[in-house]
Amino acid sequence: MEYYKTSGIILDACITVHKIMGPGLLESIYEQCLMKEYEAQIISYLKLTNKKLGFLINFNVPVLKDGFKRYVNNF
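Each residue of the sequence shown is one higher than the one before, counting from 1 in my numbering.
Here it is as structure tokens:
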């Protein structure tokens with residue numbers, strides 16, 4: 001069940017980016033836009049759930065600290 005939920009979140013974000021940017025761009029452009037979409041989502045989730053801290057982590061980097069981003073909800 002968790003896989004369906006996670007894949008739905010990913011697919012929704014991809015569809016949003018594709019609707020805005022359209023087809024035919026370089027993959028790196030879509031990647032940057034998708035990252036912005038996820039940043040907006042994590043900020044929304046923190047506010048909606050009254051959580052103070054969230055992380056976005058990219059494990060596909062040589063040094064993990066380069067793929068680690070922390071978000072703080074300042075209520």
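Just so you know, even glycine gets a beta-carbon here, dropped at the ideal spot from N, CA and C.
At what residues does the alpha helix (DSSP H) containing residue i begin and finish?
i: Lys65; result: Unbroken run through Lys65: none, as it is neither H nor E.
i: Leu46; result: 27-49
i: Met21; result: 2-21
I believe residue i touches residue j by the beta-carbon criterion, under 8 Å. Please report the beta-carbon distance rounded to the nearest angstrom.
i: Leu46; j: Tyr30; result: With 8 Å as the limit, Leu46 and Tyr30 do not qualify as a contact, their Cβ atoms being about 25 Å apart.
Are the CB atoms of residue j and residue i within a distance shorter than 8 Å?
i: Ala13; j: Leu26; result: no
i: Ile43; j: Leu56; result: no
i: Asn58; j: Gly67; result: yes
Here's the rule I'm using: 16 or more other beta-carbon atoms within 10 Å means buried, otherwise exposed. How should residue i be labelled?
i: Val17; result: buried
Under DSSP, the beta strand (DSSP E) around residue i begins and ends at which residues?
i: Gly54; result: 53-57
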